[in-house]
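Structure record follows, encoded as structure tokens.
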Amino acid sequence: MEDKKLSSWEVRWRLYKKLKHDLSFTGDKIVGSMCTYPHPFAQRMYAEHLQKNVGDPGLFTGTVQIEQEAVRIMGRMLSHLHAHGAIVTGGTEANILAMWTAKEISRGKKTEIIVPEHAHFSFDKAARMLGCTTIKIPCTDRFVVDVKKLRKKITGKTMAIVGVAGSTALGTVDPIEELSDIAHEKDIYLHIDAAFGGFVLPFLSSLGRPSPSFDFSLPGVSSITIDPHKMGMSVIPAGGILYRTKELARTVSVPVTYLAGGETALPTIVGTRSGAAAIACWALFHHLGLTGYQKIIRKAMDLTDWFAVEVNKLPGFTLITPPVCNVAGIVHERLPAPDIAKKLRSQGWAVSLFNTHLRIVLMPHVKKHHLKAFLKALKNI
Ligand code: 0PR
Numbered sequence: 033m034e035d036k037k038l039s040s041w042e043v044r045w046r047l048y049k050k051l052k053h054d055l056s057f058t059g060d061k062i063v064g065s066m067c068t069y070p071h072p073f074a075q076r077m078y079a080e081h082l083q084k085n086v087g088d089p090g091l092f093t094g095t096v097q098i099e100q101e102a103v104r105i106m107g108r109m110l111s112h113l114h115a116h117g118a119i120v121t122g123g124t125e126a127n128i129l130a131m132w133t134a135k136e137i138s139r140g141k142k143t144e145i146i147v148p149e150h151a152h153f154s155f156d157k158a159a160r161m162l163g164c165t166t167i168k169i170p171c172t173d174r175f176v177v178d179v180k181k182l183r184k185k186i187t188g189k190t191m192a193i194v195g196v197a198g199s200t201a202l203g204t205v206d207p208i209e210e211l212s213d214i215a216h217e218k219d220i221y222l223h224i225d226a227a228f229g230g231f232v233l234p235f236l237s238s239l240g241r242p243s244p245s246f247d248f249s250l251p252g253v254s255s256i257t258i259d260p261h262k263m264g265m266s267v268i269p270a271g272g273i274l275y276r277t278k279e280l281a282r283t284v285s286v287p288v289t290y291l292a293g294g295e296t297a298l299p300t301i302v303g304t305r306s307g308a309a310a311i312a313c314w315a316l317f318h319h320l321g322l323t324g325y326q327k328i329i330r331k332a333m334d335l336t337d338w339f340a341v342e343v344n345k346l347p348g349f350t351l352i353t354p355p356v357c358n359v360a361g362i363v364h365e366r367l368p369a370p371d372i373a374k375k376l377r378s379q380g381w382a383v384s385l386f387n388t389h390l391r392i393v394l395m396p397h398v399k400k401h402h403l404k405a406f407l408k409a410l411k412n413i
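Sequential numbering of the sequence shown, starting at 33, is according to the numbering used here.
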């Protein structure tokens, strides 16, 4: 704390000077991020409800109900009318919660989490926190998990299998149907990380595009991560953890007796929790509706198709795999990806770099004229 008080004007001036170096989604250089400019209506609803705390359910009974309704709405999108769960801080917390649930179900006896090699690093965090290990399964040449290899790694210690629906690096979708069969047959917890794909994949079939199965319609799926703060266009922080049953959703709950609402059970990692984020999600889901989201996904996928064609026209450049979601992986026949990323970043382009490729995410804030400028920069490398 400073000794000297500053006027609000002075504080704002200092903030302005410090924050002016941040990039903005409303600018033109963020082409590799999985977040976007939150929808203005979600921003407004968030700002109006900042005092709400879903971690104190007795005080905010309406907010708790709204959170559960938001969960149900996402559940319906994922082929389940009665999903349970919570709006959490993001995909990381959702994935950790799912792994914690799986560990509790095994009564702590099983400690191995089988994940595709492209799974998000939050599973490594979860494993470290829970005293577990991750067994990483290589991908096929189509950048999805090799199910044959995965099957061979299942042992009596297998605590959970993870499938990814919209991978961080390329937006690909693992063969979840096959994973579901395995999980069902062997009675193993299957968690699907659809943090990114959860708001994209449900809309693809209505756009006439291939739409891989990944959700609760597959009987082996126990839980799903789906993030409103990615393609759901809601505010940060808004992740989603959805479970097939109420019992699963309560597995890691801790009973709390002293709060004003009487005995309650808190099902997330954090205690005090943003009710405003849940309200913003609920409000946006109702405001946009399925048709609103469909329109957003159509635009993003159309732009992705256009971008794919344009990249392939550039000498030496190609996409590493045809996009399933609005994520494109760029490679060059000779230039290593880190060298390309270095040059682009030196010109201010915020691109993501993976071992094999550069990742471009065609989020709603990315427009054709940004991409034209980006393609020009790529061509000049
Ligand atoms: N699961 C998947 C498939 C993800 O891609 C991510 C994050 C997570 C889980 C974790 O989600 P949280 O970051 O909400 O905890 N994927 C983004 C990525 O690594 C995170 C991100 C988002 C990074 C926006 C940068 C950024 O500007 O690309």
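Think of the CB as a built atom: it goes at the ideal place given N, C-alpha and C, for glycine as much as any other residue.
Measure the alpha-carbon distance for residue i versus residue j and round it to whole angstroms.
i, j, result
"residue 137", "residue 339", "45 Å"
"residue 139", "residue 283", "11 Å"
"residue 191", "residue 227", "21 Å"
"residue 198", "residue 85", "31 Å"
"residue 172", "residue 205", "12 Å"
"residue 383", "residue 376", "8 Å"
"residue 343", "residue 371", "17 Å"
"residue 36", "residue 42", "12 Å"
"residue 70", "residue 117", "23 Å"
"residue 149", "residue 164", "16 Å"
"residue 175", "residue 225", "16 Å"
"residue 408", "residue 321", "37 Å"
"residue 213", "residue 158", "25 Å"
"residue 229", "residue 39", "45 Å"
"residue 242", "residue 91", "45 Å"
"residue 48", "residue 267", "21 Å"
"residue 82", "residue 323", "29 Å"
"residue 286", "residue 298", "6 Å"
"residue 258", "residue 196", "11 Å"
"residue 219", "residue 34", "57 Å"
"residue 210", "residue 404", "40 Å"
"residue 50", "residue 44", "10 Å"
"residue 203", "residue 337", "14 Å"
"residue 217", "residue 193", "13 Å"
Given a cut-off of 8 Å on the beta-carbon distance, is the pair residue i and residue j in contact?
i, j, result
"residue 361", "residue 151", "no"
"residue 231", "residue 78", "no"
"residue 235", "residue 105", "no"
"residue 166", "residue 156", "yes"
"residue 271", "residue 126", "yes"
"residue 95", "residue 307", "yes"
"residue 64", "residue 391", "yes"
"residue 363", "residue 350", "yes"
"residue 146", "residue 180", "no"
"residue 52", "residue 381", "no"
"residue 273", "residue 129", "yes"
"residue 352", "residue 388", "yes"
"residue 288", "residue 300", "no"
"residue 330", "residue 182", "no"
"residue 333", "residue 68", "no"
"residue 162", "residue 189", "no"
"residue 244", "residue 233", "yes"
"residue 314", "residue 101", "yes"
Throw me the rounded Cβ distance for the residue i and residue j pair, which I believe falls under 8 Å.
i, j, result
"residue 369", "residue 385", "6 Å"
"residue 248", "residue 208", "With 8 Å as the limit, residue 248 and residue 208 do not qualify as a contact, their Cβ atoms being about 11 Å apart."
"residue 262", "residue 131", "Not quite, the Cβ-Cβ distance comes to about 20 Å (not below 8 Å), so this is no contact."
"residue 253", "residue 222", "5 Å"
"residue 119", "residue 309", "6 Å"
"residue 302", "residue 358", "So it is not a contact: roughly 30 Å between Cβ atoms."
"residue 112", "residue 276", "7 Å"
"residue 122", "residue 269", "6 Å"
"residue 57", "residue 397", "4 Å"
"residue 335", "residue 400", "6 Å"
"residue 124", "residue 280", "With a Cβ gap of about 19 Å, residue 124 and residue 280 do not count as contacting."
Taking only three categories from DSSP, how would you classify residue i?
i, result
"residue 345", "helix"
"residue 191", "strand"
"residue 148", "strand"
"residue 306", "strand"
"residue 247", "coil"
"residue 117", "strand"
"residue 352", "coil"
"residue 55", "coil"
"residue 261", "coil"
"residue 107", "helix"
"residue 85", "strand"
"residue 378", "helix"
"residue 401", "helix"
"residue 269", "coil"
"residue 211", "helix"
"residue 319", "helix"
"residue 292", "coil"
"residue 297", "strand"
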